[in-house]
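First to last, the sequence lines map onto chains B and A.
For the first sequence, counting from 1, position 156 maps to 235 in the numbering used here; every step adds exactly one.
For the second sequence, counting from 1, position 52 maps to 333 in the numbering used here; every step adds exactly one.
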Amino acid sequence: MTTNIVEIDHLSFGYKGRLLHQGINMVFPRGKVVAIMGGSGSGKTTLLRLIGGQIKPSKGEVRVAGEVVHEQDRDGVYKLRRKMGMLFQHGALFTDLSVFDNVAFPMRELTDLPESMIRDLVLMKLNAVGLRGAHQFMPAELSGGMARRVALARAIALDPEIIMYDEPFAGLDPISMGVICGLIRSLNDALGATSIIVSHDVKETFLIADYVYFVADGVVAAEGTPHDLMQSTLPFVHQFVHGEKDGPVPFHYPAAHYQTELLSEQVV
Amino acid sequence: MIERTWRVGVGARLFALTIIYSGESFKRFHLTLREIYFTGVMSLLIIVVSAFFVGMVLALQGYNTLQKYGSSEAIGVLVALALVRELGPVVTALLFAGRAGTAITAEIGLMKATEQLSAMEMMAVNPIARVVAPRFWAGVISMPILAAIFSMVGILGGYLVAVPLIGVDDGAFWSQMQANVDFRLDIVNGLIKSLVFGVACTMIALFEGFDAPPTAEGVSRATTRTVVISSLTVLALDFVLTSFMMVV
């Protein structure tokens, strides 16, 4: 058994003529919580999709449990995905199913477990995220934080080896954020899984991550433990970690000269 | 032009995959039954009401013309043939596209926009077997049944106008219909048409939903395209099928 459950090796990925990643290397050791951070549009979520085999790299490879993801056929990719659980940014709960049925969905689809056992397992998963009492609700009746917790219960339904989180803290109130933050760490340790968090929320991510990769301009701009990165003097990391308005990442999107554009007659 | 050709190719691929993964989907036939309820049973009201009025109008217009030639007893045949051969399958397909087709497109488009299909994929659950195939077979099974109900209700509407209202002879209405409507040439051909329309309308709705850009505008446009493309396809296919049926 290799130490790293996921390895990204010299990975490049382009989309519509734009190169999003250029020779990225990352490793995700078993049992750890590893974060991928970076500004909006830096291709963090795309990295999760590459790990999940939803898209193929232009160059390089992603290995999950020693298997090269893009070399697998459909059945091979599905076999690898059974080792994964994913929490989507907005939960992606099935709106026509209740909370209970959402969590039961992967069990019913992928296993032959009897309904009585599925019931017990679903209640256990919901209990782990504190929502056993909400099992009868429909997704439309849940708050954003509750929906995210149900999605988390669904992601861990089959005790995956890898749990991927796409912006798990986005749009949550401070209490929900703290709850999700604690759950990610405790579930990771309880299940013995590996967690990959894609986020740009520095405070929460640094609180639970063992290791952090910073992605900028298609490359890994910095990496290290949260403590190392807090002390980093790299201009990009410093600007990002301390939330400074201007720095290597400019406040203004590239545009024509301000005065020239205002004075020109050209219609925008 | 290239984009349209590409879309036809993607649509054909989706159709092929739907057929391939249908076996997987049939293992849990309750999913198809559930969709038959949503697409078929829930379309019944609009089908029954429309059929009733279409049958009544047919009887009125038919009587107006037939009486000039002293053949008002043939009103039953006229109503039945018009409904069974043409109006039943065609109007049912047009109503189906407007009612169930748009619902299918909007539902799948929104599932895509809210990452529900991606979530399914990431769970190693095939969305074509789980979402597309049950809806496809529900549409294909529902359409001929709805068309048959349309024709029956239409004939009833025609009867109510022709016999109690206008005063055409009751026996002549039914006996002429029985004597002149052929099971193989009229009824079976009508059912074949509705089956083909069922495949076309449902597949168009599914493809448009699956191919919709994941935005509010994208889903809205896809829904509109479902109605427009389905309607034109049904009318064009009706001409082609009628020509073949006349020759054969």
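Every residue gets a Cβ at the ideal spot worked out from N, C-alpha and C, and that includes glycine.
As the structure is a prediction and not an experimental result, all values here were calculated from the model.
Determine the contact status of residue i and residue j, defining contact as a CB-CB distance below 9 Å.
{"i": "Leu166/B", "j": "Leu231/B", "result": "yes"}
{"i": "Val178/B", "j": "Ile84/B", "result": "no"}
{"i": "Leu99/B", "j": "Val277/B", "result": "no"}
{"i": "Tyr292/B", "j": "Ala183/B", "result": "no"}
{"i": "Met484/A", "j": "Phe296/A", "result": "yes"}
{"i": "Ala554/A", "j": "Gly490/A", "result": "Residue numbering for chain A in the displayed model covers 282 to 529; residue 554/A lies beyond these limits and cannot be assessed."}
{"i": "Met186/B", "j": "Ile241/B", "result": "no"}
{"i": "Asp492/A", "j": "Val291/A", "result": "yes"}
{"i": "Val462/A", "j": "Ala381/A", "result": "no"}
{"i": "Arg315/A", "j": "Pro425/A", "result": "no"}
{"i": "Met526/A", "j": "Leu466/A", "result": "yes"}
{"i": "Pro247/B", "j": "Leu270/B", "result": "no"}
{"i": "Val112/B", "j": "Ser255/B", "result": "no"}
{"i": "Ala226/B", "j": "His169/B", "result": "yes"}
{"i": "Ser324/A", "j": "Phe417/A", "result": "no"}
{"i": "Val365/A", "j": "Gln457/A", "result": "no"}
{"i": "Ile419/A", "j": "Thr313/A", "result": "Checking the sequence shown, residue 419/A turns out to be Ala, not Ile. Yes. Within cutoff."}
{"i": "Gly438/A", "j": "Gly336/A", "result": "yes"}
{"i": "Leu200/B", "j": "Gly224/B", "result": "no"}
{"i": "Gly209/B", "j": "Arg228/B", "result": "yes"}
{"i": "Gly499/A", "j": "Ala428/A", "result": "no"}
{"i": "His279/B", "j": "Met105/B", "result": "no"}
{"i": "Ala219/B", "j": "Thr174/B", "result": "yes"}
{"i": "Phe315/B", "j": "Val281/B", "result": "no"}
{"i": "Ala384/A", "j": "Phe319/A", "result": "yes"}
{"i": "Ile409/A", "j": "Thr286/A", "result": "no"}
{"i": "Glu146/B", "j": "Leu129/B", "result": "no"}
Would a check of beta-carbon distances place residue i closer than 9 Å to chain B?
{"i": "Arg411/A", "result": "yes"}
{"i": "Ser399/A", "result": "yes"}
{"i": "Thr320/A", "result": "no"}
{"i": "Glu284/A", "result": "no"}
{"i": "Leu364/A", "result": "no"}
{"i": "Thr395/A", "result": "yes"}
{"i": "Leu359/A", "result": "no"}
{"i": "Leu295/A", "result": "no"}
{"i": "Leu391/A", "result": "yes"}
Mind checking if residue i is an interface residue toward chain A, Cβ cutoff 9 Å exclusive?
{"i": "Ala86/B", "result": "According to the sequence displayed, residue 86/B carries Glu and not Ala. With 9 Å as the cut-off, Glu86/B does not count as an interface residue toward chain A."}
{"i": "Ala171/B", "result": "yes"}
{"i": "Leu129/B", "result": "no"}
{"i": "Thr174/B", "result": "yes"}
{"i": "Phe167/B", "result": "yes"}
{"i": "Gln345/B", "result": "no"}
{"i": "Gln133/B", "result": "yes"}
Any heavy atom of the ligand SAM closer than 8 Å to the beta-carbon of residue i?
{"i": "Ala288/B", "result": "As far as ligands go, the structure on display features none, and thus does not contain the ligand SAM."}
What ranges does the beta strand (DSSP E) occupy inside the stretch 248-279 of chain B, keeping only unbroken runs of at least 3 residues that lie completely in it?
Taken in chain order, the complete beta strand (DSSP E) segments of 3 residues or longer contained in the stretch 248-279 of chain B are 273-278.
Which whole runs of the alpha helix (DSSP H) in the stretch 162-206 of chain B are 4 residues long or more, in chain order?
You should have 178-189.
Tell me the start and end of each unbroken beta strand (DSSP E) in the stretch 272-335 of chain B that is at least 3 residues and wholly inside, in chain order.
Runs of beta strand (DSSP E) with 3 or more residues, each lying fully within the stretch 272-335 of chain B, are found at 273-278, 290-295 and 298-303, listed in chain order.
What are the residues of the stretch 402-427 of chain A that lie near chain B, defined by any Cβ-Cβ distance shorter than 9 Å?
Residues passing the 9 Å Cβ filter: Glu402, Met403, Met404, Ala405, Val406, Asn407 and Arg411.
Suppose only complete runs of 4+ residues qualify. What are the alpha helix (DSSP H) ranges in the stretch 421-491 of chain A, listed by chain order?
Correct list: 451-461.
What residues in the stretch 222-242 of chain B have a beta carbon less than 7 Å from any beta carbon of chain A?
Within the stretch 222-242 of chain B, no residue qualifies.
Are there three or more Cβ pairs, one per stretch, closer than 8 Å when the stretch 145-158 of chain B is compared with the stretch 378-395 of chain A?
The answer is no - the stretch 378-395 of chain A does not touch the stretch 145-158 of chain B, with fewer than three Cβ pairs under 8 Å.
Counting only runs that start and end within the stretch 389-425 of chain A, where is the alpha helix (DSSP H) found for 4 or more residues in a row?
Those alpha helix (DSSP H) runs which fall completely within the stretch 389-425 of chain A and span 4+ residues are 397-403.
Inside the stretch 108-170 of chain B only - beta strand (DSSP E) runs reaching at least 3 residues:
Secondary structure remark: continuous beta strand (DSSP E) runs of at least 3 residues inside the stretch 108-170 of chain B, in chain order: 112-116, 138-143 and 163-166.
Tell me which residues of the stretch 137-165 of chain B have at least one Cβ-Cβ distance to chain A shorter than 9 Å, keeping chain order.
Result list: Arg153, Val156, Tyr157, Lys158, Leu159, Arg160, Arg161, Met163, Gly164 and Met165.
Closer than 8 Å is the cut-off here; do at least three beta carbon pairs connect the stretch 293-300 of chain B with the stretch 118-126 of chain B?
Contact holds: three or more Cβ-Cβ distances are below 8 Å.
Taking contact to mean 3 or more Cβ pairs, one atom from each stretch, closer than 8 Å, check whether the stretch 497-510 of chain A and the stretch 439-449 of chain A are in contact.
Segments in contact, no.
Please list, in chain order, the residues of the stretch 179-199 of chain B that have any C-beta partner in chain A closer than 7 Å.
For the stretch 179-199 of chain B, the residues whose beta carbon sits under 7 Å from a beta carbon of chain A are, in order, Pro185, Glu188 and Leu189.
Touching or not, the stretch 433-441 of chain A and the stretch 324-337 of chain A, by the rule of three or more beta carbon pairs under 8 Å?
Between the stretch 433-441 of chain A and the stretch 324-337 of chain A there are three or more inter-stretch CB-CB distances shorter than 8 Å, so the stretches are counted as touching.
Positions along the stretch 361-389 of chain A whose CB lies within less than 9 Å of some CB in chain B
Cβ contacts with chain B: Glu388.
Would you list, in sequence order, the uninterrupted alpha helix (DSSP H) runs of no fewer than 4 residues that lie entirely inside the stretch 299-376 of chain A?
You should have 303-307, 310-320, 325-347 and 356-362.
Cβ pair count under 8 Å reaching 3, the stretch 91-106 of chain B against the stretch 128-140 of chain B
Put simply, the stretch 91-106 of chain B touches the stretch 128-140 of chain B. At least three CB pairs are less than 8 Å apart.
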